[in-house]
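Mapping to the numbering used here: the sequence shown position 81 is 103, numbers consecutive.
Note that the Cβ used here is the ideal one computed from N, Cα and C, for glycine as well.
Notes to accompany the following structure.
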Amino acid sequence: MSEYKLARFAPTPSGFLHIGNIYSFIITHHLANKYGAKVLLRIDDLDRERYKPRFVQDIFDTLNFLEIPYDQGPRDLSDFEQNHSQIHRLPLYQRALEDLKNKKVLFACDCSRKKIEKLNPKGYYSGFCLRRNLSFDQAEITWRIKAKMHIDVPFKELNLGIVNGKLPGIMTDFVVRKKDAMPSYQLTSLVDDLHFGVDLIVRGKDLWGSTIAQVYLSKFLSENNFAENTFHHHQLIHGSNNQKLSKSSDVSSIQLLRKTGKKKEDIYQIIAEAAGLKDRPKSLGEFGGLVI
Numbered sequence: 023m024s025e026y027k028l029a030r031f032a033p034t035p036s037g038f039l040h041i042g043n044i045y046s047f048i049i050t051h052h053l054a055n056k057y058g059a060k061v062l063l064r065i066d067d068l069d070r071e072r073y074k075p076r077f078v079q080d081i082f083d084t085l086n087f088l089e090i091p092y093d094q095g096p097r098d099l100s101d102f103e104q105n106h107s108q109i110h111r112l113p114l115y116q117r118a119l120e121d122l123k124n125k126k127v128l129f130a131c132d133c134s135r136k137k138i139e140k141l142n143p144k145g146y147y148s149g150f151c152l153r154r155n156l157s158f159d160q161a162e163i164t165w166r167i168k169a170k171m172h173i174d175v176p177f178k179e180l181n182l183g184i185v186n187g188k189l190p191g192i193m194t195d196f197v198v199r200k201k202d203a204m205p206s207y208q209l210t211s212l213v214d215d216l217h218f219g220v221d222l223i224v225r226g227k228d229l230w231g232s233t234i235a236q237v238y239l240s241k242f243l244s245e246n247n248f249a250e251n252t253f254h255h256h257q258l259i260h261g262s263n264n265q266k267l268s269k270s271s272d273v274s275s276i277q278l279l280r281k282t283g284k285k286k287e288d289i290y291q292i293i294a295e296a297a298g299l300k301d302r303p304k305s306l307g308e309f310g311g312l313v314i
């Protein structure tokens, strides 16, 4: 009997996939295999200012080139845009937002990023609008959830059991709806995982705070079991000079590596080296005993 039902790849089409994205996919693939779970490809595309069809196409091209399989989700760009885009799930997000608003756990805020930084040099939200009673229907307004810094949030970390995470200061009273009236990443990621039935969530350690925020947020939505999911936060890999990998720079993108003549085997070895692995696997399968 399978221990988990569904894991997921959840890239954002805001740039070309880099070796860090693929490292996360590799770990997800092998953990899903180990625990008998299927894998969903979920492309998070609600950041419409940065969305480009060529970045979505790159996701399919890269997965095909590296022969990384998945069980559910879109099979090509057309299928994605017609059937799987987050745009089609906007009613789900809106219902969740209304649910939160009706439970009076949200407040409206008109603070700009510049004002937030002025009030706190670390960029932590100060709670300036918490008691101003601004209208939720006002233009250019964000919706925030009442969530104080260092709230203890228990969740299940793979191989560790129940751990207590503390909400990072930068996520104090985090945003659930942005000024453009679109739902935020924290809300859409949570709602999507509930919608699809994801119960094994693999992500980098840089998203530890997002896990805490989403588990906390789930407690205020209609009855759900999100807080019972299992999470695995893996180490991050870095580029040259220990630089954090970013989609805004294609230096470590799979597309660029392919253009310079790198084969599938070469890319897997580059990923293994960046991850500090002693062995240099040349295929997806050879990573199994090295990353889980």
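Check whether residue i and residue j have beta carbons under 8 angstroms apart
i, j, result
"L239", "L212", "yes"
"L88", "K60", "no"
"Y92", "T252", "no"
"I167", "C131", "no"
"Q208", "V198", "yes"
"L306", "I49", "no"
"Q108", "D67", "yes"
"Y315", "I293", "There is no way to answer for residue 315, as the model of the chain reaches only from 23 to 314."
"G187", "K144", "no"
"L112", "H217", "no"
"I234", "V175", "yes"
"I90", "H52", "no"
"K56", "I289", "no"
"F129", "A169", "no"
"D158", "K123", "According to the sequence provided, residue 158 is Phe. The question's Asp does not apply to it. Result yes, Cβ atoms of F158 and K123 sit closer than 8 angstroms."
Proximal residues to residue i (C-beta, below 8 angstroms), its chain only, five neighbours per side dropped
i, result
"I81", "P33, P35, L39, L63 and I65"
"L99", "P75, V78, Q79 and F82"
"D301", "A294, E308 and L312"
"R117", "none"
"N246", "L216 and S240"
Buried/exposed call for residue i, threshold 16 Cβ in 10 Å
i, result
"I184", "exposed"
"A161", "exposed"
"S232", "buried"
"P96", "buried"
"N155", "exposed"
"A203", "exposed"
"L3", "Given that the chain is displayed from residue 23 to residue 314, the structure contains no residue 3 and the question cannot be resolved."
"T84", "buried"
"Q257", "exposed"
"H172", "exposed"
"T210", "buried"
"H110", "exposed"
"G298", "exposed"
"G226", "buried"
"T282", "exposed"
Sequence-distant residues of the same chain with beta carbon closer than 6 angstroms to residue i, five excluded per side
i, result
"S347", "The requested residue 347 does not occur in the structure, where the chain is confined to residues 23 to 314."
"L229", "none"
"L222", "Y26, A29, A59 and T252"
"V220", "L28 and R30"
"D215", "none"
"A54", "A29 and V61"
"H254", "L180 and V224"
"Y73", "P35 and D67"
Distance cut-off 7 angstroms: residue i Cβ against heavy atoms of the ligand NAP
i, result
"T233", "This structure lacks the ligand NAP; in fact it carries no ligand of any kind."
Residues near residue i by beta carbon distance below 7 angstroms, same chain, minus five either side
i, result
"C133", "F150 and C151"
"Q277", "F38 and D80"
"D121", "L243 and S244"
"N43", "P33"
"K200", "T164 and S206"
"Y147", "I138, T194 and D195"
"K304", "E287, Y290 and Q291"
"R280", "F87"
"D69", "T34 and S36"
"L141", "S148 and F150"
CB contact check: residue i to chain D, cutoff 8 angstroms
i, result
"A169", "Here there is only one protein chain, and chain D is not present."
CB-CB length for residue i against residue j, believed under 8 angstroms
i, j, result
"I237", "F177", "The amino acid at residue 237 is misidentified as Ile; the sequence shows Val. Rounded, the Cβ-Cβ distance is 5 angstroms, consistent with contact."
> Can you list the alpha helix (DSSP H) stretches of 4 or more residues lying completely in the segment 179 to 265, in chain order?
Replying inline: As far as the segment 179 to 265 is concerned, its whole alpha helix (DSSP H) runs of at least 4 residues are 207 to 218 and 230 to 240.
> Which residue spans inside the segment 54 to 129 form an unbroken alpha helix (DSSP H) run of at least 4?
Replying inline: DSSP runs (the alpha helix (DSSP H)) wholly in the segment 54 to 129: 75 to 87 and 112 to 124.
>> Could you tell me which whole alpha helix (DSSP H) segments of length 4 or greater appear in the segment 270 to 306?
In response: 276 to 281 and 286 to 296
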